[in-house]
Amino acid sequence: KTASLSKLVEKLEAEKSMAKKNSAVEDDGFRARRSTHVTGDEYSKADGDAWQETLAVCEMAGKLTIRSYYTNQRTRERKWDEPPSGASRVLNASEM
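When we follow the working numbering, the leftmost residue of the sequence shown carries the number 871, and every step to the right adds one.
The structure is reproduced here in structure tokens:
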């Protein structure tokens, strides 16, 4: 029994070791570089404002479509379909 138990333990340790090797993230050497097409001023910065989503029914090509627009709670600026990339806080329509 001791020999079969030690073989079982050995087998389990080998499986554990193999699983650990398979789950390890390997460094492939890839390093992301900053875009040369976008200047530093164009990168979005967090605006610190809350953007409220509102749903609107629009007629597009003869069909009714539901679209979202987002309103900046401080400036009342509006953006169709998605909040700006620098939006700090987004209040979804379902939360109101």
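Note that the Cβ used here is the ideal one computed from N, Cα and C, for glycine as well. Computed from a predicted structure; not experimentally measured.
| message | For Thr935, which residues in the same chain have their Cβ closer than 6 Å to its Cβ, ignoring the five residues on either side in sequence? | response | Your numbering for residue 935 matches position 65 in the sequence shown. Within the same chain, Thr935 has close Cβ partners Cys928.
| task | State the DSSP-derived secondary structure class of Ala931, mapped to helix, strand or coil. | result | Residue 931 sits at position 61 when you count from the first residue of the sequence shown. Ala931 falls in the coil class under three-state DSSP.
| Going by DSSP, which residues form a beta bridge with Arg959? | By one-based count along the sequence shown, residue 959 stands at place 89. Partner(s): Ala920.
| request: Go through its chain and collect everything with a Cβ distance to Ala916's Cβ below 6 Å, but skip five positions before and after it. | output: For the purposes of this step, residue 916 is taken as the residue at position 46 of the sequence shown. Beyond the five residues adjoining it in sequence on each side, Ala916 comes within less than 6 Å, by CB distance, of Gly956, Ser958 in the same chain, given in chain order.
| request: Can you grab the Cα-Cα spacing for the pair Ala884 / Gly899, in whole Å? | output: The sequence position of residue 884 within the sequence shown is 14, counting from 1. The sequence position of residue 899 within the sequence shown is 29, counting from 1. Rounded to whole angstroms, Ala884 to Gly899 spans 29 Å at the Cα level.
| request: Check Ala902 in the structure and name its three-state DSSP category. | output: As a working note, residue 902 is residue 32 in the sequence shown. Note: Ala902 maps to coil in three-state DSSP.
| message | Tell me the rounded alpha-carbon separation between Pro954 and His907. | response | As a first step, residue 954 is located in the sequence shown; it is residue number 84 there, counting from the start. As a first step, residue 907 is located in the sequence shown; it is residue number 37 there, counting from the start. Cα-Cα distance, rounded: 20 Å.
| said: Relative to the C-alpha of Ala920, which candidate in Ala902, Ala931, Arg903, Glu947 has its C-alpha closest? | reply: Counted from its first residue, the sequence shown places residue 920 at position 50. Considering only alpha carbons, the answer is Glu947.
| said: Strictly by DSSP, which residues pair up with Arg948? | reply: Here residue 948 is taken as the residue at index 78 of the sequence shown, counted from 1. Thr941.
| query | Taking the DSSP output, what are the residues bridged to Ala926? | reply | If you number the sequence shown from 1, residue 926 lands on position 56. For Ala926, DSSP records a beta bridge to Arg937.
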